Structure formats: structure tokens, C-alpha cells
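When you line the sequence shown up against our numbering, it's residues 636 to 773, in that order.
For every residue, glycine included, the Cβ atom is placed at its ideal position computed from N, Cα and C.
Quick caveat: nothing in here was measured; it's all calculated off a predicted structure.
Have a look at the structure below before the remarks.
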Amino acid sequence: MYEKGLTSFVKMSQNLQKAVAKRLELDYPLSVGGTRRDAYLSVLRQTGNTPAALIEPVLNKYEDWLLHVFFQINEGRQSGMAGPLPLTFSEIQSFITITATELTPWEVETIKDMDRSYVQEMYNQLHQESTGQNDNLS
Numbered sequence: 636m637y638e639k640g641l642t643s644f645v646k647m648s649q650n651l652q653k654a655v656a657k658r659l660e661l662d663y664p665l666s667v668g669g670t671r672r673d674a675y676l677s678v679l680r681q682t683g684n685t686p687a688a689l690i691e692p693v694l695n696k697y698e699d700w701l702l703h704v705f706f707q708i709n710e711g712r713q714s715g716m717a718g719p720l721p722l723t724f725s726e727i728q729s730f731i732t733i734t735a736t737e738l739t740p741w742e743v744e745t746i747k748d749m750d751r752s753y754v755q756e757m758y759n760q761l762h763q764e765s766t767g768q769n770d771n772l773s
């Protein structure tokens, strides 16, 4: 029983990490204006075909709620000269206190996992931008 629950936790955490990275990839501003999501939606409108790059991980209601919580906490994120800093437990605790949101230790751990994916994807986007590769839609 315990092993099955742990496997479910790992799969859910991985799915949420992919969702965070995909959302950032699609919504990061391009130097030419707009986002990759805007460009792919334009392709969809013109051709009627959904570009594979536009497809995001499918989330259940619980995962969707946890992703929403993550992005709410993300709004208070600190940034340094090299980009976003990882969320601290203090920032998560402040969110819990201010919003009266109850999070289990597992949910906090999952938010930290999503945060690692977010920071990594943000650094990837910043690197692409600094090397002039940010506007590549492939």
C-alpha cells in the first residue's frame, strides 16, 4: 500500500514539474513580442491543426489546484541578477498564513519540486535569450 502511494506521489510530482516547465516555456516573452503560446495559437487559427508544442500535460482537478497555488506563491518570488531565486520555506509559510490555505507536508514538498523545475526552465529561457535563440519556435 505504501509503495503504491509513493509511486502515485512521484508520478503526480513529475507531472506537475512538467506542467510548470511547459507553462513557462509557452508564456515566456519573446524578444519580437508576444509569446510562444501566441505564435502557436496563431498557427492553430490559420491551419486548424494544434501544434504539438502547444500541448500541455493533462492535470486532474487536484493537480490543477496545486499548480494554481504554486503560481500564486510564485508571484511573491525574489529575483537576483542571474534570474529568479528559489522559493524559500518562509515564503511558502507566509502564503499559507496570509491566505489561510492548508497545505500538507507532501504538498509543500511538491511545490518545492515544481519550483526547481520553474527555476531551471527560467534559466534555460534566459540563456536562450542571451544567446539570441529565444525566438526559435522549434
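T723, DSSP secondary structure in three states = DSSP places T723 in the coil class of the three-state scheme, outside both helix and strand.
Inter-residue Cα distance where the pair is L661 and S643 = Distance from the CA of L661 to the CA of S643, rounded to the nearest whole angstrom, comes to 27 Å.
So, helix, strand or coil for S666, using DSSP?
-> Here S666 sits in coil by DSSP.
Nearest candidate by alpha-carbon position, reference N650, set L702, R680, S725, T734 | Comparing Cα positions, the closest option is L702.
Mind checking S648: buried by the 16 CB within 10 Å criterion, or exposed?
-> Using a 10 angstroms sphere on the CB of S648, the tally of other CB atoms reaches 16 or more, which defines it as buried.
Check K646 in the structure and name its three-state DSSP category.
-> Note: K646 maps to helix in three-state DSSP.
Excluding five sequence neighbours on each side, which residues of the same chain lie with their C-beta closer than 6 Å to the C-beta of Y663?
-> Cβ neighbours of Y663 beyond the five flanking positions: Q760.
How about T723 and F730: do their beta carbons lie closer than 8 Å?
-> Contact flag unset, no.
From which residue to which residue does the alpha helix (DSSP H) around R712 run?
-> Taken as a continuous stretch (DSSP letters only), R712 belongs to no alpha helix (DSSP H), as it is neither H nor E.
Can you tell me the Cα-Cα spacing of P719 and R712, whole angstroms?
-> Take the alpha-carbon of P719 and the one of R712: they are about 7 Å apart.
Do you know how far the Cα of P686 is from the Cα of M749?
-> Computed Cα separation, rounded: 25 Å.
To which residues does DSSP link G683 through a beta bridge?
-> DSSP lists no partner for G683.
Leaving out the 5 sequence neighbours to the left and right, which residues in its chain are closer than 6 Å to F705 when beta-carbon positions are compared?
-> Correct list, in chain order: I746, M749.
Alpha-carbon to alpha-carbon, E764 and I733 = The straight-line gap from Cα to Cα measures roughly 35 Å.
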